[in-house]
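**Q** Residue numbers (the numbering used here): 368 to 514. There's a structure below that I have some questions on.
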């Protein structure tokens, strides 16, 4: 199953009324932010245990911050600008970027971002499915979400 399909399946579960914490035990690393994209960027409102393992930060350290906490010197600013443009124009985005864990060790992050919409169809949150690209390419991809 493609990452976009997995991310959309998770977002659909939330849109159907499941609380964020139903994603706590899934193998995919999930980060959910507020919808507002304006500076300083959307604040993190939820992360699951797999995301904590991926980046080394605890849930408490991440909540209320923006994903910029995970960026650093070699994070491609042009790729971040493309991400924002895609979210604003298409309502979803995929890509890869250099991120940094809590120890400031680099890793190549593959992300897929999809909207979580409210009952009227407005974006209320962004759901980001994140993977360590090198780990996934080594055949350690997570299992797809339960239907």
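Note that CB positions come from ideal geometry on N, CA and C, so glycine has one too.
1. Between the region 399–413 and the region 461–471, can you find at least three pairs of beta-carbon atoms closer than 8 angstroms?
2. Residue 457 to residue 471, Cα distance in whole Å?
3. Going by alpha carbons, who is nearest to residue 491 out of 450, 500, 467, 403?
4. I'd like to know if the region 438–457 and the region 375–392 are in contact, where contact means that at least 3 CB-CB pairs between them fall below 8 angstroms.
5. Residue 416 to residue 443, Cα distance in whole Å?
6. Near residue 419, what residues of its chain come up, given a Cβ to Cβ distance below 7 angstroms and the 5 sequence neighbours on each side ignored?
7. Please report how far the alpha carbon of residue 381 lies from the alpha carbon of residue 387, in whole angstroms.
8. So the candidates are 383, 401, 414; which of them puts its Cα closest to the Cα of residue 392?
9. Does the distance from the C-beta atom of residue 436 to that of residue 445 stay below 9 angstroms?
10. Expressed to the nearest angstrom, what Euclidean distance is found between the alpha-carbon atoms of residue 474 and residue 489?
11. Using C-beta distances below 8 angstroms, list every residue in its chain close to residue 501, excluding the 5 sequence neighbours before and after it, in chain order.
12. Starting from the C-beta of residue 451, find all residues in its chain whose C-beta is less than 8 angstroms away, skip the five residues before and the five after it, and write them out in chain order.
13. If we call anything under 9 angstroms between Cβ atoms a contact, is residue 439 one with residue 466?
14. When you compare only the Cα positions, how much space is there between residue 422 and residue 469?
15. Given residue 495, which residues of its chain have a CB within under 6 angstroms of its CB, disregarding the five upstream and five downstream residues?
**A** In brief:
1. No, the region 461–471 is not in contact with the region 399–413.
2. Straight-line measurement puts the Cα of residue 471 at about 32 angstroms from the Cα of residue 457.
3. 403 is the residue among 450, 500, 467, 403 whose C-alpha sits nearest the C-alpha of residue 491.
4. Cβ pair count under 8 angstroms is below three, so no.
5. Their backbone Cα atoms lie some 26 angstroms apart in a straight line.
6. Contacts found: 425, 426.
7. Those two C-alpha atoms are separated by around 7 angstroms.
8. For the residues 383, 401, 414, the minimum Cα distance to residue 392 belongs to 414.
9. Their beta carbons are not under 9 angstroms apart, which means residue 436 does not touch residue 445 by this criterion.
10. Approximately 33 angstroms, taken between the alpha carbons.
11. Listed in chain order, the non-local C-beta contacts of residue 501 below 8 angstroms within the same chain comprise 474, 475, local neighbours out to five positions each way being set aside.
12. Counting only Cβ-Cβ distances below 8 angstroms, and skipping sequence neighbours, we find 404.
13. Annotated as proximal: residue 439 and residue 466, with beta-carbon spacing under 9 angstroms.
14. Our two residues, residue 422 and residue 469, have alpha carbons roughly 6 angstroms apart in a direct line.
15. Same-chain partners within the cutoff: 398, 478, 480.
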